[in-house]
Amino acid sequence: MSRAADKLTDALYGVGWSTVKKLPEPAAVRLGRGIADLAWKRRGKGVLRLEANYARVVPDATPQRLAELSKAGMRSYMRYWMESFRLPAWSEDRIKNGFTPQDLHHLTDGLDSGRGVVLALPHLGNWDLAGAWVTTKLKTPFTTVQERQKPESLYDRFVAYRSGLGMEVLPHTGGSAFGTLARRLRAGGLVCLVADRDLSASGVEVKFFGETARMPAGPAALAQQTGALLLPVTLWYDASPVMRGRVHPPVEVPATGTRAEKTAAMTQELADAFATGIAEHPEDWHMLQRLWLADLDPAKAPRAAAGPRGEGTP
73 MSRAADKLTD
83 ALYGVGWSTV
93 KKLPEPAAVR
103 LGRGIADLAW
113 KRRGKGVLRL
123 EANYARVVPD
133 ATPQRLAELS
143 KAGMRSYMRY
153 WMESFRLPAW
163 SEDRIKNGFT
173 PQDLHHLTDG
183 LDSGRGVVLA
193 LPHLGNWDLA
203 GAWVTTKLKT
213 PFTTVQERQK
223 PESLYDRFVA
233 YRSGLGMEVL
243 PHTGGSAFGT
253 LARRLRAGGL
263 VCLVADRDLS
273 ASGVEVKFFG
283 ETARMPAGPA
293 ALAQQTGALL
303 LPVTLWYDAS
313 PVMRGRVHPP
323 VEVPATGTRA
333 EKTAAMTQEL
343 ADAFATGIAE
353 HPEDWHMLQR
363 LWLADLDPAK
373 APRAAAGPRG
383 EGTP
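Here this note's numbering is used: the first residue of the sequence shown is 73, the next is one more, and so on.
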């Protein structure tokens, strides 16, 4: 990306955080839906990739059904952004009442035990809202990791935004994040990681909706090394202004096997929990990037594979 494009991207995010948060909520909802529908009609790469990913999740879907899903998916994605731009201006009561999780006892019991907890989430719903709810409703700070973005000023915006919501934010790169996360967990703290897409190209291969994908090893490795509880979390929207969620049962460390084998088994269990939540609410899975190895490496693509609406598997 050129320097001019970097500056434009940073400026657009700045406008979002400075302007959208001042809009009345109904106006922000209408704006987000309008932007989503326009993007969907343009049929850009992100929309086509979203449809191709949904075709894995709903393999018997017709082209019309996939188009409906991608339209709903773009609306859900823009709801995430509209909420995120407005979160810094939300009152404590608005945040506390904006999220309702099921089976929360898995998290609260784990925190009460003092052993530390790792929450692992896919790109479902609004993970920032869930995080703000944890710091506001549960009064529990936590540590997370932020992917480095370009320009650096955009990365700084995201760090400031999430820090303002009560999160400790570590950079994804640099090699020191894992050690810091481990120290927080050994002290009985909470770590939250979005974990359905590997950013290092050295993650764990898992079966995900019947095909091979790669997911980060970090959540499972942290749980093994520190004794922390590993909990999958899935999120979704309904027709109300309140986001829903579920804290899944703990992913246990296998009793036998090498460290790598245990990590692989635990990461597969995470992937299975993610798949359950995504299959139930596919339109709330905001995966506009390539995920499966067949899409990342053409040599691994099945013969005659093609995405919806003529998008060949890259």
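Ideal placement from N, C-alpha and C gives every residue a C-beta, glycine not left out. Because the structure is a prediction, the values reported are computed rather than measured.
Reference R316; option with closest CA among C264, A202, H178, K211: Looking from the CA of R316, the closest CA among C264, A202, H178, K211 belongs to A202.
In the structure shown, what three-state DSSP assignment does G145 receive? The answer is helix: DSSP assigns G145 an H, G or I state.
For A378, which three-state DSSP category applies? At A378, the pLDDT of 31 sits below 50, so the modelled position is not reliable and the matter cannot be decided from this model.
Tell me the rounded alpha-carbon separation between P291 and V130. Approximately 27 Å, taken between the alpha carbons.
Pull up the distance between the alpha-carbon of A366 and that of S163, whole angstroms please. Roughly 45 Å separates the two Cα atoms.
Between the Cα of R187 and those of H320, Q296, G349, spot the shortest distance and give me the residue it belongs to. Ranking the options by Cα distance to R187, first place goes to Q296.
Scan the region 95-167 and note each continuous alpha helix (DSSP H) run of 4 residues or more that stays entirely inside, going in chain order. Within the region 95-167, the complete alpha helix (DSSP H) runs of at least 4 residues fall at 97-114, 117-129, 135-158.
Across which residues does DSSP place F281 in a beta bridge pair? None, per the DSSP bridge assignment.
Is L307 closer than 8 Å to N169 when the C-beta atoms are compared? N169 is not a Cβ neighbour of L307, given a cutoff of 8 Å.
Out of R158, H320, A336, which has the shortest C-alpha to C-alpha gap to L176? Ranked by Cα distance from L176, the options R158, H320, A336 are led by H320.
Determine the direct distance from the alpha carbon of V190 to that of E333, and round the result to whole angstroms. When rounded, the distance between both Cα atoms is 19 Å.
Residue range of the alpha helix (DSSP H) that R229 falls in? Residues 224-236.
Environment of G379 [buried if 16+ CB atoms lie within 10 Å]: Confidence is the limiting factor: at G379 the pLDDT is only 31, short of 50, which leaves the residue's position unreliable and the question unanswerable from this model.
In this structure, does DSSP put V190 in helix, strand or coil? In the structure shown, V190 adopts extended strand secondary structure according to DSSP, grouped into three states.
If you draw a straight line from the alpha carbon of L363 to that of P194, how long is it in whole angstroms? Between the C-alpha atoms of L363 and P194 there is a straight-line separation of about 12 Å.
Sort R166, M146, L368 by Cα distance to A108 and report the nearest one. Closest by alpha carbon: M146.
Give me, in chain order, the residues of the same chain whose beta-carbon lies closer than 6 Å to that of K143; leave out the 5 immediate sequence neighbours on both sides. Its chain contains W112 as the residues whose beta carbon lies nearer than 6 Å to that of K143, once the 5 sequence neighbours on both sides are disregarded; these appear in chain order.
Taking the alpha helix (DSSP H) that M338 belongs to, which residues open and close that run? From DSSP, the alpha helix (DSSP H) with M338 extends over 331-352.
Quick check on R269: does DSSP put it in helix, strand or coil? Here R269 sits in coil by DSSP.
Which residues in the same chain have their Cβ closer than 8 Å to the Cβ of H244, if we skip the five residues on either side of it in sequence? If we look at H244 and ignore the five residues flanking it on each side, its Cβ neighbours are V217, Q218, E219, R220, L271.
How many whole angstroms separate the CB atoms of D342 and A192, which I take to be in contact at a CB cut-off of 8 Å? The residue you asked about is not Asp; residue 342 is Leu in the sequence shown. Cβ atoms of L342 and A192 come within 8 Å of each other, at about 5 Å.
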